[in-house]
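Protein chains in written order, with the numbering used here: chain A, 1 to 81; chain B, 101 to 184. Built from N, CA and C at the ideal position, the CB exists for glycine as well.
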Amino acid sequence: MQGLSLKSLQKHKALLPLYFCVGLGCGGAIFYTLRLATRNPDVQWNRASGEISNEEFRTKQYKFYSPNVDYSKLQSPAPKY
Amino acid sequence: MPLAAAALKLEDLKTAPFDPRFPNTNQTRYCYQSYVDYHRCQKIRGQNYAPCDYFKKVFHSICPNAWVERWDQQREDGTFPGNI
């Protein structure tokens with residue numbers, strides 16, 4: 001098919017933005033899925049590593065993007081027992 | 101105690117505060133974690149340790165009452181899945 005090889009792509013430059021956007025979308029989807037699988041405290045791959053816990057986020061950001069809240073300055077109000 | 105209830109002012113009635121451990125809209129985990137924490141805390145510190153009551157307040161305002169009733173029942177029967 002035209003545009004799928006580097007050589008034919010030279011003749012169909014209009015396809016470049018399409019490839020860029022599709023690539024960006026796929027990359028973002030893969031990145032975020034992997035982030036969820038590895039960083040999310042609700043996900044556990046190995047039972048032996050103990051109970052899942054949100055404790056490490058007492059003063060750490062948990063969300064991927066949070067422009068208006070500085071989590072390093074927040075304190076969890078829950079007591080430690 | 102009707103007297104004590106009347107003494108409660110509007111300012112005393114507060115919902116659970118924001119907890120940075122659970123920043124998402126979905127607060128299910130905040131509810132469950134507080135419930136488990138409350139009973140663990142009581143197990144470790146005994147029934148009369150005041151800071152434990154913080155967790156009680158939180159899970160009573162975050163959790164649906166039906167869940168709390170069911171979990172209480174499960175704890176009674178010894179079938180509660182969590183580790184208390």
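Three-state secondary structure (DSSP) of residue i
| i | result |
| --- | --- |
| A:Thr38 | helix |
| B:Phe155 | helix |
| A:Tyr32 | helix |
| B:Phe180 | coil |
| A:Val69 | coil |
| A:Gly3 | coil |
| B:Asn165 | helix |
| B:Phe118 | coil |
Within-7 Å CB hit, residue i to chain B
| i | result |
| --- | --- |
| A:Phe64 | no |
| A:Pro67 | no |
| A:Tyr81 | yes |
| A:Asn54 | yes |
| A:Leu36 | no |
| A:Ser112 | Limits of chain A in this structure are 1 at one end and 81 at the other, which puts residue 112 of chain A out of reach. |
| A:Arg58 | yes |
| A:Tyr71 | yes |
Min CB distance residue i to chain A below 7 Å
| i | result |
| --- | --- |
| B:Arg163 | Here residue 163 of chain B turns out to be Cys, not Arg, going by the sequence shown. Taking Cβ atoms only, chain A never reaches closer than 7 Å to B:Cys163, which makes this a no. |
| B:Asp119 | yes |
| B:Pro151 | yes |
| B:Tyr135 | no |
| B:Tyr154 | yes |
Residue of the options minimising C-alpha distance to residue i
| i | options | result |
| --- | --- | --- |
| B:Ile184 | B:Ser134, B:His160 and B:Asn165 | B:Ser134 |
| B:Pro120 | A:Gly25, A:Cys21 and A:Gln75 | A:Gln75 |
| A:Glu56 | A:Leu15, A:Gln2, A:Pro41 and A:Leu4 | A:Pro41 |
| A:Asn54 | B:Leu113, B:Tyr149 and B:Tyr130 | B:Tyr130 |
| A:Lys80 | B:Ala150, B:Gln173 and B:Asn124 | B:Ala150 |
| A:Thr59 | A:Ala78, A:Glu51, A:Ser49 and A:Gln44 | A:Ala78 |
| A:Ile52 | B:Cys152, B:Pro123, B:Tyr132 and B:Ile144 | B:Tyr132 |
| B:Gln127 | B:Ile162, B:Phe180, B:Pro181 and B:Arg175 | B:Ile162 |
Proximal residues of chain B, C-beta to C-beta of residue i below 7 Å
| i | result |
| --- | --- |
| A:Trp48 | Here residue 48 of chain A turns out to be Ala, not Trp, going by the sequence shown. In chain order: nothing, as chain B lies at least about 14 Å away. |
Amino acids of chain A, ordered along the chain, whose beta-carbon sits closer than 7 Å to that of residue i
| i | result |
| --- | --- |
| B:Phe122 | Asn54 |
Closer than 9 Å at the beta carbon, the chain A residues around residue i
| i | result |
| --- | --- |
| B:Gln147 | Those do not exist, as B:Gln147 stays about 13 Å from chain A at its closest Cβ, beyond 9 Å. |
| B:Cys141 | Pro79 and Tyr81 |
| B:Pro144 | In the sequence on display, residue 144 of chain B carries Ile and not Pro. Here the neighbours are Tyr81. |
Partners in chain B for residue i, counting only beta-carbon separations shorter than 8 Å
| i | result |
| --- | --- |
| A:Asp42 | Arg129 |
Problem set entry | beta strand (DSSP E) segments (min. 3 residues) lying fully within the region 121–152 of chain B | none
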